[in-house]
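Residues in the sequence shown are numbered consecutively from -1, following the working numbering. Ideal Cβ positions, reconstructed from N, Cα and C, are used throughout, including at glycine. A quick write-up on the structure given underneath.
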Amino acid sequence: MNPLIASFADRLQRARLERREIARLTADYPQLTLPEAYAIQAQGIALRVAEGEHVMAWKMGLTSAGKRAQMNLDAPVYGVLTAAMRVDEGAVLSLATAIHCKVEPEVAFVLNQPLRAGMSREQAWACVAGVAAALEVLDSRYVGFKYFSLPDVVADNSSSFRYAVGPLVLPSEVDVRDLAMRMTVDGATVAQGRSSEISGDPVVSLIQLGDLAALYGQTVPAGTIVLSGAATAAVALVQACRVGLEIEGLVGLELTVQA
Ligand code: OOG
Ligand code: MG
């Protein structure tokens, strides 16, 4: 492996384990490309798998105008989520385990077959065995949760940290294209939008992930959970609270956050 890829993956892994902010990679290495960034991300996941974690989910990010404006970046990206990153129903998220986390409202899918490149909407929808509301908790290893390029965020596994997925609804029972979504903190609305803000239709995230994964030599197998990307800007988590998410036609979920 290119020694640069391994050394950047190690740098990000250490920052994550030590909960320490680091400078963006492009401060040292402005020529970092997107393919190199995905290779750094893949090496970071390989390090986690070597420690006994296993890949359970994939996510698309920067799929909504709200998120792109918040982060000042303009193309969708993917990230890889392990079982250790999942917060189960009833479990508590501790802020002490994060650097500076944020939460965002998403629609998640469970796949009954692998994603492929070049899928139509119909083919992508046929890959869906279940649909759920999901909360993604992001954390960036970069100073101030700021980065200035797509390669920086991709190398940092697209700011992945934790995720919670609600109970599944059958695809025959819901049309995911335009559902009202509302995220609350201690009962007060902090973000609201519609699922159509996720690339026009959250199923488009499956099409994009099939294409991107193929482009970077990855496969997204049957059984995987896919987070389709936030419908709104993310909200900083700074104190103990309860985060709720309601999505029309899906089962709501709650996440308890501890200081
Ligand atoms: C990148 C991750 C974006 C989403 O849903 O848009 C993401 C970031 O915002 O740092 O997960
Ligand atoms: Mg997200």
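From the DSSP output, which residues share a beta bridge with residue i?
i	result
Gly227	None; Gly227 has no bridge partner.
Thr80	Val53
Thr254	Val90, Arg240
Leu133	Pro103, Ala162
Ala25	Looking at the DSSP assignment, Ala25 forms no beta bridge with any residue, so it has no partner.
Mind reading off the beta-carbon distance from residue i to residue j? Whole number of angstroms is fine, and I expect it under 8 angstroms.
i	j	result
Gln68	Ala232	7 angstroms
Leu60	Ala73	7 angstroms
Phe159	Ala96	6 angstroms
Val249	Val167	6 angstroms
Ile223	Val163	6 angstroms
Met83	Gln41	Contact flag wrong, Cβ pair sits at about 17 angstroms.
Pro103	Val129	Not a contact, Cβ separation roughly 14 angstroms.
Within this structure, are the beta carbons of residue i and residue j separated by less than 8 angstroms?
i	j	result
Pro200	Val105	yes
Leu253	Leu79	no
Met179	Ser197	no
Ser157	Ser138	yes
Pro149	Leu71	no
Arg114	Gly208	yes
Arg66	Tyr145	no
Val255	Met181	no
Pro112	Ala44	no
Glu34	Ile3	yes
When every heavy atom of ligand 2 is checked, does at least one fall within less than 7 angstroms of the C-beta of residue i?
i	result
Glu104	yes
Lys100	no
Leu225	yes
Ala228	yes
Return yes when at least one heavy atom of ligand 1 lies under 7 angstroms from the C-beta of residue i, else no.
i	result
Leu136	yes
Leu60	yes
Lys57	yes
Ala151	Reading off the sequence shown, one finds Val at residue 151, where the question assumed Ala. Yes, the Cβ of Val151 comes within 7 angstroms of a heavy atom of ligand 1.
Ala211	no
Lys65	yes
Which residue comes first and which comes last in the alpha helix (DSSP H) that contains residue i?
i	result
Gln216	Segment: none, Gln216 is in no alpha helix (DSSP H) and carries neither H nor E.
Gln111	Taken as a continuous stretch (DSSP letters only), Gln111 belongs to no alpha helix (DSSP H), as it is neither H nor E.
Val152	148 to 153
Val47	32 to 48
Met69	63 to 69
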